[in-house]
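*Asks:* I'd like to ask you about the structure that follows.
Protein chains: 2
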Amino acid sequence: MLTIGDLSRKTGVKIPTIRYYEQMGLLDAAERSEGNQRRYAAPERERLSFIKHARELGLTIEAIRELIDLSAHPERPCEEADRIAAEQLTAVREKIEKLRRLEKELKRIATRCAGDQIKDCYVIRALAHHDMCESDH
Amino acid sequence: MLTIGDLSRKTGVKIPTIRYYEQMGLLDAAERSEGNQRRYAAPERERLSFIKHARELGLTIEAIRELIDLSAHPERPCEEADRIAAEQLTAVREKIEKLRRLEKELKRIATRCAGDQIKDCYVIRALAHHDMCESDH
DNA sequence: TCATTTTCTATAGTGACTAGAGATTGGCCA
DNA sequence: TGGCCAATCTCTAGTCACTATAGAAAATGA
Chain A
818 MLTIGDLSRK TGVKIPTIRY YEQMGLLDAA ERSEGNQRRY AAPERERLSF
868 IKHARELGLT IEAIRELIDL SAHPERPCEE ADRIAAEQLT AVREKIEKLR
918 RLEKELKRIA TRCAGDQIKD CYVIRALAHH DMCESDH
Chain B
818 MLTIGDLSRK TGVKIPTIRY YEQMGLLDAA ERSEGNQRRY AAPERERLSF
868 IKHARELGLT IEAIRELIDL SAHPERPCEE ADRIAAEQLT AVREKIEKLR
918 RLEKELKRIA TRCAGDQIKD CYVIRALAHH DMCESDH
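Listed below in structure tokens is the structure:
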């Protein structure tokens, strides 16, 4: 059995975060030692790795909860799980698109400062006037 | 003079957000009508547009505060403003890079479900086992 | 046995808002 | 001038996914 510290080291999830996931219902309430400390075995470790991986992929706690509920019913069709993954993919693509536009504009702003005093600074002027932007956002 | 509602409509910044920016010190405390309602003129509107634009570009409230402080001292060199813009650019590029890796993996996960029941679902299995990932994150 | 480390609970803080309650003010129409 | 309703006011709490802190109890190693 692992202590919460062991589990934390093995999964790379911080201790308070593990307790937080338990509180949020992503992890079942852990078994306890005689002295009331949490003890974990392999299944909990796998579950936590699942959660960690999903979080890294940008899934919300809520989406992860859905997936966990799903996996508790292995006889159901997996369309739902596919849908959740597809939604994440769409969300990620939108974020990338938005950031690309920002990158373009920041690049323009950050490299074009003509004056050497704030009063002539291109950064300041560009931020003040949206109409200096080339793309819209 | 504009009411807070007028200002909100003209800038596209929601009313509670305007009050929040005032509280955070990004906007000076507004002039008030006899009945204690906020009244705004052109300079405040410009300032708010500046803030909005900067937020859209991903600058934090703190970074915006720095820029505002900077612009209050027009005689200073604009290196600082350049630095802030450059930092933002770096941050945005890192975010894009990270999201690209996630996109790649989600794409793989979301399109490869072989089974039609949860117990065979690729999504679930991929999330459980990081070592199924092609790139690292 | 003692000291150090780990863990426990509970609470508050983060950032950038958003939502709601309950009270006041402003503007318009008759 | 009165009445009405929308807009505004302040204040508090909620959001998300943690992170940090305090003070107490348990576990471990010398």
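Respectively, the protein sequence lines represent chains A and B.
Counting from 818, one number per residue, gives the positions in the first sequence under the numbering used here.
Counting from 818, one number per residue, gives the positions in the second sequence under the numbering used here.
We put the beta carbon where it would ideally sit given N, CA and C, even for glycine.
Keep in mind that this is a model prediction, so the values were computed, not measured.
#1: With burial defined as no fewer than 16 other Cβ atoms inside 10 Å of the residue's Cβ, what is the status of B/D899: buried or exposed?
#2: Compute the Euclidean distance between the alpha carbons of A/I878 and A/D845, then round it to the nearest angstrom.
#3: Tell me which residues of the region 904 to 927 of chain A have at least one Cβ-Cβ distance to chain B shorter than 8 Å, keeping chain order.
#4: Note down, in chain order, all residues in the region 855 to 875 of chain B with a beta-carbon under 7 Å from any beta-carbon belonging to chain A.
#5: So, B/L923 versus A/V909, is the Cβ gap smaller than 8 Å?
#6: Strictly under 8 Å for the Cβ-Cβ distance: is A/A902 near chain B by that measure?
#7: At what residues does the beta strand (DSSP E) containing A/Y857 begin and finish?
#8: Counting C-beta neighbours from all protein chains within 10 Å, is the total for A/K869 16 or more, i.e. buried, or is it exposed?
#9: Less than 7 Å between C-beta atoms, sequence neighbours within five positions excluded: which residues of the same chain meet that for B/A902?
#10: Need the endpoints of the alpha helix (DSSP H) that A/D823 sits in, please.
#11: Classify B/E861: buried if its beta carbon has 16 or more other beta carbons within 10 angstroms, exposed otherwise.
#12: Which runs of the beta strand (DSSP E) fall wholly inside the region 891 to 921 of chain A and span at least 3 residues, in chain order?
*Replies:* By the coordinates alone:
#1: buried
#2: 14 Å
#3: Q905, L906, V909, R910, K912, I913, L916, R917, L919, E920, E922, L923, K924, I926 and A927
#4: E863, S866, F867, H870, A871, E873, L874 and G875
#5: yes
#6: yes
#7: R855 to Y857
#8: buried
#9: none
#10: I821 to T828
#11: buried
#12: none
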